Amino acid sequence: MQREEKQLEATLHAILNRVNDLKAAIQALITKLENEYETINWPTFLDNYAILSGHLTGLSKILQSEVAPSLRSVVVLPLQLGCERDEALARLTEGRVPACTHDLVPDLLRTKPEPQAEQRLQQFNHKASTLSHDTAQKQVAQFTKVISHVWEIISKGREDWEGESMRSAGMQPTHSIADTHALVTAVGTGKGLRPGMPSIVPPGVGAPGMGPSRGPAPQLGPSAPTMPKAPSAIKTNIKAANQIHPYQR
Amino acid sequence: MSAANVAPITATDSLSQALKANIIPNQEYLLQGSVLDSAVEVLLHRLRGLCDNVDAGTETFDDQEVCFSLRDPNQQAAPLMLRLRKALDARDMPYQLRYIGQPDLGDKSRPTVVRSSLDIACSGMLIEFLNELGCRIEFEYSVKGYMFRKGRMKITVSKVFKISQSSMSPEPISQSYLVELSVLAPQGQDAIGEDMRAFADQLRPLVQLDKIDYKRLGHMSVT
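If you read the protein sequences in the order shown, they are chains W and A. What the first sequence shows, in my numbering, is residues 1 to 249, in sequence order. What the second sequence shows, in my numbering, is residues 250 to 472, in sequence order.
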C-alpha cells in the first residue's frame with residue numbers, strides 16, 4: 001500500500017515536471033509568434049513544434065511505463081465547488097484558477113474529448129466504417145502515390161541545389177600537373193625548346209603536335225612524357241654537329 | 250681625430266667581409282606550379298589582393314632567356330650552364346647573367362627547392378664574350394607575364410614562348426602559365442621556406458606550388 005502510494009507520488013511528480021516543460025515550450029512558441037511574427041521563418045517554427053512534440057513524447061512515455069501505477073484506478077473528484085476566490089488554489093495555479101467554479105471544473109477535470117472534437121471523431125468513424133475494403137485500398141494507394149511524387153520533386157530540387165554548388169567548384173581543375181611538368185622541364189632543361197625538336201604537347205591540351213616523328217597526337221597522359229625514340233635521334237644529330245665548333249675555331 | 254690616414258677598403262676586403270658575415274644572397278628558395286589559361290585571371294586577382302607591389306597596377310615583364318653551356322672538351326663533368334636574360338620591353342636595362350646550381354634534393358623535409366644562384370648585371374657584349382669563351386647556346390625561350398612581390402618573396406606568373414626563327418611571332422609551349430615563387434637569401438635562412446609554404450597554401454586550390462625536380466622529369470622522358 002505504501003509502496004503504491006510512493007510510486008503514485010513519484011509518477012505524479014514526474015508528470016508534473018513534464019507538463020511544466022511542455023507549458024514552458026508552448027509559452028515560448030506563443031511569445032515567439034507574437035513578437036517575431038515578421039521575421040520568423042518556417043524552419044524555426046518547425047523547430048519549436050519539434051520541441052513541443054518532444055515534450056509530449058516524454059509525457060506519454062511516463063504514462064505508459066510500467067512503473068506508473070494504473071492511473072485509471074485513481075479518480076479525481078471535486079469535493080466542493082464554490083464561487084468565492086480561494087487564495088490557496090490561486091497560489092497553486094499561479095493565479096490562473098482563482099475559484100473552483102461550476103464552469104471551470106468540467107473543462108479542467110475532463111476525461112473525454114471536447115464535445116466538438118468528439119462529434120468530428122464520430123463523423124470520421126462513421127465514414128470509415130461505411131467504406132468498402134476496395135475503395136479504402138484504392139484511396140491508400142492514391143495517397144502513397146501523391147506522397148512519393150512530392151518526395152521526388154523535393155529530393156530532385158535538393159540535389160540540383162547542392163549538386164550544382166559542390167560539383168561546379170570541384171569539377172573544373174585550374175591547373176594541370178602535366179602542364180606544370182612540361183613548363184618546368186622546358187625552363188630548366190630546355191626540353192621542347194631546342195631548335196628542331198618538336199614542341200612538347202601536354203595531353204588534354206589539344207594543340208597540334210608538330211614534327212614528323214610525332215605521328216598521331218598522343219591523347220593519353222603517360223605517352224607525352226615518354227616520347228618515341230625518333231626525336232632523341234634528331235637531338236643527338238644536332239649535338240654532334242655543334243660539337244665541332246668550340247675550341248676548334 | 251681625423252680619419253685621413255686610414256687605408257681605403259679594397260673590393261676584395263669588402264667581399265670577403267661580406268662572405269664571412271653571410272649576407273650575400275646566393276641561395277634561391279623556389280616553388281613552382283602552373284595555372285591554366287582559363288584560370289589565370291582569378292589567380293591574378295588573388296595575387297593582387299595578397300601582394301605588396303600592386304598600388305600602381307601590376308608589374309609586367311617581357312624577357313628573353315638564353316641558356317649557354319660550357320663543356321669541357323674531354324667531356325669529364327656535366328657542362329656548366331649559364332643563363333642570360335634580357336628585357337625585351339626595356340632595351341636599355343643591363344643583361345642579367347645567372348648561374349643556377351644543382352638543387353639540394355637530399356633533404357625531403359625541406360618545404361622548397363634550395364639551389365645556389367648567383368647573378369650579375371652585364372652589358373650586351375656578353376654574348377660575344379661567352380662565345381669567345383667557348384660557350385654555345387643550348388636553348389632559348391621568351392617569358393612574358395606578371396611579377397608580384399610580397400616581402401622578400403617574388404611571385405611570377407608568366408607564359409613561356411618558344412622562339413621560332415622562321416616565323417616572327419613566338420608560340421607558347423603550353424596552354425598554361427608558369428607560376429614561380431622564389432626568394433633570394435643568404436645561406437642558412439631556412440625559415441623562409443616555411444613562410445613560402447604558407448603563402449603557397451593561400452593560392453590553393455588554384456595553383457599547386459611544389460618543389461619539382463625537373464632533372465628527374467627531364468631524364469624520365471629522354472630515354
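For each residue, glycine too, the CB sits at the ideal point set by N, CA and C. Here the structure is a predicted model, which means the values were calculated and not measured.
Minimum Cβ-Cβ distance from Ala217 (chain W) to chain A less than 8 Å: Note that Ala217 (chain W) scores a pLDDT of 35, beneath 50, so its modelled location is shaky; the value from the coordinates is reported in the next line. By this cut-off, Ala217 (chain W) is not an interface position.
Three or more C-beta pairs below 8 Å linking the segment 310–320 of chain A and the segment 421–430 of chain A: Using a Cβ-Cβ distance cut-off of 8 Å, the segment 310–320 of chain A and the segment 421–430 of chain A are not in contact, since fewer than three pairs of beta carbons, one from each stretch, lie closer than that value.
Simplified DSSP assignment, three categories, for Val363 (chain A): Under the three-state reduction of DSSP output, Val363 (chain A) falls in the strand class.
Beta-carbon spacing of Arg359 (chain A), Gln351 (chain A) below 8 Å: Annotated as distal: Arg359 (chain A) and Gln351 (chain A), with beta-carbon spacing of 8 Å or more.
Partner residues on chain A for Leu175 (chain W), Cβ-Cβ distance less than 8 Å: Sequence check: residue 175 (chain W) is His here, not Leu. Chain order gives the chain A residues near His175 (chain W) as Gly282, Ser283, Val284, Leu285, Ala288, Ser425, Leu455, Val456, Gln457, where near means a beta carbon separation below 8 Å.
Interface flag, Ala250 (chain W) vs chain A, CB-CB below 8 Å: Coverage of chain W is limited to positions 1 through 249, which leaves residue 250 (chain W) absent and any answer about it impossible.
Rounded straight-line distance, which links the Cα of Arg295 (chain A) to that of Asp444 (chain A): So the two alpha carbons sit approximately 18 Å from each other.
Extent of the continuous beta strand (DSSP E) to which Arg332 (chain A) belongs: It spans 329–336 - the beta strand (DSSP E) in which Arg332 (chain A) sits, taken as one unbroken run.
Among A:Lys464, A:Ser265, A:Glu290, nearest to Gly190 (chain W) - alpha-carbon criterion: Cα-wise, what sits closest to Gly190 (chain W) is A:Lys464.
Beta-carbon spacing of Leu455 (chain A), Val291 (chain A) below 8 Å: Taking C-beta atoms as the reference points, Leu455 (chain A) and Val291 (chain A) count as a pair closer than 8 Å.
One or two residues paired with Val432 (chain A) in a DSSP bridge: Under DSSP, Val432 (chain A) shares a beta bridge with A:Tyr278.
8 Å Cβ cutoff, Ser223 (chain W) in contact with chain A: Since pLDDT at Ser223 (chain W) reaches only 36, below the 50 mark, its modelled position is unreliable, and the value read off the structure follows with that caveat. It does not; no Cβ of chain A falls within 8 Å.
contact_flag[the segment 298–312 of chain A, the segment 387–406 of chain A] where n(CB pairs < 8 Å) is 3 or more: These segments touch.
Chain W residues whose Cβ lies nearer than 7 Å to that of Tyr463 (chain A): The answer, in chain order, is Val184, Thr185, Gly188, Thr189.
Contact set between Asp179 (chain W) and chain A, taken where Cβ atoms lie within less than 8 Å: Near Asp179 (chain W) (Cβ distances below 8 Å), the residues of chain A are Ser283, Leu285, Ser423, Gln424, Ser425.
Residue range of the beta strand (DSSP E) that includes Gly394 (chain A): For Gly394 (chain A), the enclosing beta strand (DSSP E) covers residues 385–399.
Selection from A:Lys335, A:Ser407, A:Ile404 that minimises the alpha carbon distance to Met374 (chain A): Nearest option by C-alpha distance: A:Lys335.
DSSP bridge partner residues for Ser318 (chain A) (one or two, in chain order): Paired residue(s): A:Met330, A:Arg385.
Same chain, Cβ closer than 6 Å to Asp301 (chain A), neighbours up to 5 away in sequence not counted: Excluding sequence neighbours, Asp301 (chain A) sits near Arg398, Lys399.
Proximal residues of chain W, C-beta to C-beta of Cys316 (chain A) below 8 Å: Residues of chain W passing the Cβ test: Gly190.
Residue-chain proximity (Tyr348 (chain A), chain W), Cβ-Cβ < 8 Å: By this cut-off, Tyr348 (chain A) is not an interface position.
With 16 other Cβ atoms within 10 Å as the buried cut-off, status of Asp262 (chain A): Taking every protein chain shown into account, the CB of Asp262 (chain A) has fewer than 16 other CB atoms within 10 angstroms, so this residue is exposed.
Residue from W:Leu59, W:Lys145, W:Ser73, W:Gly95 whose Cα sits closest to the Cα of His13 (chain W): Considering only alpha carbons, the answer is W:Leu59.
Below-8 Å beta-carbon distance, Phe388 (chain A) vs any chain W residue: At least one C-beta of chain W is nearer than 8 Å to the C-beta of Phe388 (chain A).
Close Cβ partners of Gln281 (chain A) (< 6 Å) along its chain, the five nearest in sequence each way excluded: Take Gln281 (chain A), set aside five residues on each side of it, and the residues of its chain with a beta-carbon closer than 6 Å to its own are Glu429, Ile461, in chain order.
With 16 other Cβ atoms within 10 Å as the buried cut-off, status of Met1 (chain W): Classification for Met1 (chain W): exposed.
CA-to-CA distance, Ser176 (chain W) to Arg214 (chain W), given in whole angstroms: Low confidence applies to Arg214 (chain W): its pLDDT is 37, below 50, so where it sits in the model is not reliable, and the reading given next is rough at best. Their Cα atoms are separated by approximately 22 Å.
Three-state class that DSSP yields for Lys411 (chain A) in the structure shown: In the structure shown, Lys411 (chain A) adopts extended strand secondary structure according to DSSP, grouped into three states.
Residues bridged to Pro421 (chain A) (per DSSP): DSSP, once it has assigned bridges, lists A:Phe410 as partnering Pro421 (chain A).
Local Cβ density within 10 Å of Thr185 (chain W), reported as buried at 16 or more and exposed below that: So Thr185 (chain W) ends up on the buried side.
8 Å Cβ cutoff, Lys403 (chain A) in contact with chain W: Not one chain W Cβ lies under 8 Å of Lys403 (chain A).
Per-residue contacts from Lys335 (chain A) into chain W (C-beta, under 9 Å): Going along chain W, no residue has its Cβ under 9 Å from Lys335 (chain A), so there is no contact; the nearest lies around 16 Å.
Residue-chain proximity (Val409 (chain A), chain W), Cβ-Cβ < 8 Å: Val409 (chain A) counts as touching chain W.
Range of the contiguous alpha helix (DSSP H) that encloses Leu89 (chain W): Start and end: 87–92.
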